[in-house]
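Heads up, the thing below is written out as structure tokens.
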Amino acid sequence: MADVAIPRAKPQMSEASAWTQLKYNRNWLGFWFMVPAMAFLIFFLAYPLGLGIWLSFTDTRIGRVGHFIATENYEWLWDDSIFWLSVFNTLLYTFVASAFKFAIGLYLALLLNEHMPFKAMLRAMVLIPFIVPTVLSALAFWWIFDSQFSIISWSLKHLGLINQNINFLGDTTWARICVIFANVWRGVPFVAITLLAGLQTVSPSLYEAATLDGATRWQNFRYITYPLLTPIIAVVMTFSVLFTFTDFQLIWAMTRGGPVNATHLMATLSYQRAIIAGQLGEGAAISSAMIPFLLAAIMVSWFGLQRRKWQQGESND
Amino acid sequence: MSSVQIRDVRKSFGNFEVLHGVTIPIEDGQFVVLVGPSGCGKSTLLRMLAGLENITSGTISIGDRVVNNVQPKERDIAMVFQNYALYPHMTVAENMGFSLKLRNASSDEINKRVKRAAEILALSPLLDRYPRQLSGGQRQRVAMGRAIVRDPQVFLFDEPLSNLDAKLRVAMRTEIKELHQRLKTTTVYVTHDQIEAMTMADKIVVMHDGIVEQMGTPLELYDKPDNQFVAGFIGSPAMNFLKGHVRVNGVATFEGPNGVKLPLKTAPAGSDGRPAVYGVRPEHFTIADDGAEAEIIVVEPTGSETQVFAKVGGEQVVAVFRERHQFNPGDKVRLKPDPSLVHLFDDATGKRMNA
């Protein structure tokens with residue numbers, strides 16, 4: 001074929017104005033779609049957090065504008081044995097309750113994943129503690145653990161197992177056990193239902209294959225269920241730890257931190273100092289002191305949540 | 001390696017019986033394919049053989065041992081699942097070695113056997129990969145590797161190729177057959193694809209609605225189907241069936257729909273006037289002057305052969321020709337079935353009538 005020179009018209013390059021370019025810029029449009037969410041996060045999360053941290057560096061009280069006092073609040077807290085007791089209580093409360101929630105939640109999830117009659121109804125029933133408002137269930141527990149009218153004491157007395165009422169919420173050890181029990185009761189459904197959802201994503205044929213490979217029930221759990229569930233365990237336990245660490249309602253309704261501060265958590269102590277006693281600065285410092293712990297928990301989950309190699313759908317290199 | 005005996009096995013789910021007494025003898029080293037449409041009970045039977053389903057009645061024995069009450073892991077069988085059921089959190093090597101690990105084999109032993117299986121299946125470069133990182137065919141091979149490593153008495157395959165694309169399916173078919181020829185392990189293979197059954201099996205078991213319709217070598221089933229179901233199931237394109245009556249006036253003929261006369265070699269004694277179904281495979285038609293009149297509807301050339309859809313006596317039939325005829329839709333031709341290759345089935349029972 002002979003080369004033929006085709007005369008071409010020069011394309012008309014119209015210079016689009018900056019505004020027209022911006023109008024069709026997808027990133028610019030995207031930015032505006034993001035604005036509502038951003039505003040929401042800034043006003044309701046970032047601003048209060050920033051304000052809290054700022055307050056912790058001032059001597060603000062209710063009704064009085066504070067002055068910047070640098071780290072004086074923290075220095076006070078450093079020497080405050082009640083603060084350290086609340087830190088200890090919070091850690092104890094978080095770890096013991098989370099451990100129980102995990103163990104019981106996993107057990108329930110495994111149980112509910114089996115074929116059994118009334119499966120749907122049982123699954124729904126597990127959720128009951130979760131849907132009862134926290135304060136209501138806390139009040140119920142308050143009655144259950146009442147020093148005079150406790151149904152537990154009453155039952156045990158009638159069974160002849162004890163002679164006098166147990167002072168559930170008046171004894172430091174008992175009080176800690178009681179609030180942890182109430183927290184576990186309330187937190188188990190979340191863990192159980194989430195883990196159950198995870199269990200249901202495991203293909204039944206994997207268990208069949210493992211059974212044919214010679215796995216016992218325990219080995220099925222150990223080598224198939226547990227490893228496949230770890231990503232979900234990491235998520236659910238992170239949330240569980242965060243919720244437990246920052247718990248306030250249960251404690252406040254049941255013990256108000258007593259007896260002798262044995263159940264004071266950092267959140268309740270902060271409330272007591274800031275709102276009830278009016279020392280906003282000091283309360284804010286206690287709240288801010290929770291940040292490093294929460295960050296640590298998030299870091300743990302961050303690494304726990306890292307996609308495992310087997311989850312990655314890499315191409316065939 | 002072992003023989004397998006399935007004797008009068010029944011299976012019910014609640015009051016619903018899905019297998020109505022199935023008896024299948026399987027010889028040592030045989031490649032047996034259970035084939036049938038979905039819902040015929042073939043997969044259930046395989047799962048019962050594996051021990052994943054209980055046996056309602058009857059016996060299954062592997063070797064000399066009745067395994068009805070033997071745990072799956074004690075049965076010494078290995079199964080390849082339709083979705084492969086590879087453990088996603090284990091590498092290829094770990095997947096293949098898992099059964100040995102559970103039996104507390106030494107890591108040297110596991111390595112040795114995994115390596116050997118990987119060599120057989122050309123998986124050696126992939127041993128450190130995770131299932132996610134493999135293609136469909138590679139996953140399929142890992143699933144087989146997992147079975148080979150065990151060196152079991154019996155291999156069970158549950159529709160192992162149905163998740164692969166058409167081309168890969170053909171390639172894997174050959175690979176599985178080659179593997180069987182090499183290892184000579186008794187194999188029970190379930191599929192709904194009659195081509196897989198025909199190409200791979202030493203013995204085909206055609207199942208339908210929970211019973212065995214016919215058992216035999218692929219060519220026995222093709223040449224002499226016991227009944228209309230098997231005749232229609234085996235072979236592609238499927239056999240043509242024409243309803244009508246047997247006529248014996250000196251010579252046996254078949255009177256098809258709208259009085260079409262079709263040739264018969266012989267007719268069974270006393271069959272004159274009996275309603276019957278005339279079966280002829282598409283590849284057994286020829287163009288001949290004494291054939292039945294047919295009107296061409298559609299012509300589909302595939303290169304190696306030509307499929308022709310035509311109307312005979314108002315019924316649609318399909319014929320396949322290796323030679324290249326020039327046909328156009330609407331053409332009138334005369335199609336003649338080869339009388340020595342036609343099949344005659346009882347209209348009521350579907351049973352084969354001619355020898």
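For the protein sequence lines, the chains are A and B, in the order given. Quick note, the first sequence lines up with residues 1 to 317 if you use the numbering used here. Quick note, the second sequence lines up with residues 1 to 355 if you use the numbering used here. C-beta atoms are modelled at their ideal positions from N, C-alpha and C, and glycine is treated no differently.
For residue j and residue i, the rounded distance between their alpha carbons
i, j, result
"Phe229 of chain B", "Lys112 of chain B", "48 Å"
"Thr230 of chain A", "Pro237 of chain B", "51 Å"
"Phe241 of chain B", "Asp213 of chain A", "47 Å"
"Ile110 of chain B", "Asp128 of chain B", "15 Å"
"Ala253 of chain A", "Val135 of chain A", "6 Å"
"Val179 of chain A", "Leu122 of chain A", "26 Å"
"Arg146 of chain B", "Ile234 of chain B", "32 Å"
"Leu45 of chain A", "Ala39 of chain A", "10 Å"
"Asn220 of chain A", "Thr71 of chain A", "54 Å"
"Asn227 of chain B", "Phe345 of chain B", "7 Å"
"Pro329 of chain B", "Val205 of chain B", "39 Å"
"Gly313 of chain A", "Asn89 of chain A", "The predicted position of Gly313 of chain A is uncertain, since its pLDDT is 47 and thus under 50; a value taken from the coordinates is nonetheless stated next. Those two C-alpha atoms are separated by around 43 Å."
"Arg322 of chain B", "Ala210 of chain A", "49 Å"
"Gly321 of chain A", "Phe100 of chain A", "Lying before the first or after the last residue shown, residue 321 of chain A is absent from chain A, which here runs from 1 to 317."
"Arg352 of chain B", "Ala294 of chain B", "26 Å"
"Ile151 of chain A", "Asn69 of chain B", "51 Å"
"Met1 of chain A", "Ala16 of chain A", "Its pLDDT being 46, under 50, Met1 of chain A is placed unreliably by the model, and the measurement read from it follows with that caveat. Computed Cα separation, rounded: 40 Å."
Residue i, buried or exposed, once every other Cβ within 10 Å from all chains shown has been counted against 16
i, result
"Pro275 of chain B", "exposed"
"Ile298 of chain A", "exposed"
"Arg182 of chain B", "exposed"
"Asn261 of chain A", "buried"
"Ser315 of chain A", "Any reading at Ser315 of chain A must be qualified, since the residue scores a pLDDT of 42, below 50, and its modelled position is unreliable; the value itself is stated next. Its Cβ having fewer than 16 others within 10 Å, Ser315 of chain A is exposed."
"Lys119 of chain A", "exposed"
"Ser271 of chain B", "buried"
"His89 of chain B", "buried"
"Phe68 of chain A", "exposed"
"Asp247 of chain A", "buried"
"Val190 of chain B", "buried"
"Leu51 of chain A", "exposed"
"Leu22 of chain A", "exposed"
"Glu75 of chain A", "exposed"
"Glu213 of chain B", "buried"
"Asn54 of chain B", "exposed"
CA nearest to the CA of residue i, picked from the options
i, options, result
"Met266 of chain A", "A:Thr244, A:Met254, A:Leu139", "A:Thr244"
"Val132 of chain A", "A:Trp84, A:Asn167, A:Arg176, A:Ala182", "A:Ala182"
"Leu77 of chain A", "A:Ala46, A:Leu92, A:Phe57, A:Gly63", "A:Phe57"
"Leu108 of chain A", "A:Thr201, A:Leu127, A:Gly281, A:Tyr93", "A:Leu127"
"Val299 of chain B", "B:Lys184, B:Val320, B:Glu283", "B:Val320"
"His343 of chain B", "B:Val246, B:Arg322, B:Lys311, B:Asp151", "B:Val246"
"Val170 of chain B", "B:Ala147, B:Ala197, B:Val154, B:Lys184", "B:Ala197"
"Ile77 of chain B", "A:Glu208, A:Gly52, A:Leu106", "A:Glu208"
"Glu17 of chain B", "B:Phe31, B:Gln30, B:Thr44, B:Gln5", "B:Thr44"
"Asp151 of chain B", "B:Met172, B:Leu123, B:His180", "B:His180"
"Gln5 of chain B", "B:Val32, B:Lys11, B:His20, B:Ile120", "B:Val32"
"Ala124 of chain A", "A:Phe190, A:Gly66, A:Ala289", "A:Phe190"
"Glu315 of chain B", "B:Pro329, B:Glu305, B:Ile297, B:Thr253", "B:Ile297"
"Lys11 of chain B", "B:Gln138, B:Thr23, B:Ser2", "B:Thr23"
"Glu159 of chain B", "B:Ile148, B:Gln153, B:Ile176, B:Gly291", "B:Ile176"
"Ile224 of chain A", "B:Val70, B:His20, B:Leu102, B:Phe13", "B:Leu102"
"Thr302 of chain B", "B:Asn104, B:His325, B:Glu119, B:Ala310", "B:His325"
"Ala292 of chain B", "B:Arg281, B:Thr306, B:Ala310, B:His192", "B:Ala310"
"His20 of chain B", "B:Gly29, B:Asp28, B:Ser57, B:Gln30", "B:Ser57"
Beta-carbon proximity check, residue i vs residue j, cutoff 8 Å
i, j, result
"Trp174 of chain A", "Asn167 of chain A", "yes"
"Val184 of chain A", "Ala296 of chain A", "no"
"Val80 of chain B", "Met144 of chain B", "yes"
"Pro72 of chain B", "Ala50 of chain B", "yes"
"Leu199 of chain A", "Asn113 of chain A", "yes"
"Tyr278 of chain B", "Gly256 of chain B", "yes"
"Arg47 of chain B", "Ile62 of chain B", "no"
"Ile251 of chain A", "Thr263 of chain A", "yes"
"Ala284 of chain A", "Leu110 of chain A", "no"
"Leu269 of chain A", "Ile82 of chain A", "yes"
"Pro131 of chain B", "Val142 of chain B", "yes"
"Val236 of chain A", "Leu195 of chain A", "yes"
"Trp142 of chain A", "Phe149 of chain A", "no"
"Ala85 of chain B", "Leu206 of chain A", "yes"
"Leu126 of chain B", "Val92 of chain B", "yes"
"Lys243 of chain B", "Asp347 of chain B", "yes"
Report yes or no: do the region 281-295 of chain B and the region 328-345 of chain B share at least 3 C-beta pairs separated by less than 8 Å? Counting Cβ pairs under 8 Å, three or more are found: they touch.
With three or more C-beta pairs closer than 8 Å as the rule, is the region 34-50 of chain B touching the region 202-211 of chain B? The region 202-211 of chain B, when compared against the region 34-50 of chain B, does touch it at the 8 Å Cβ threshold.
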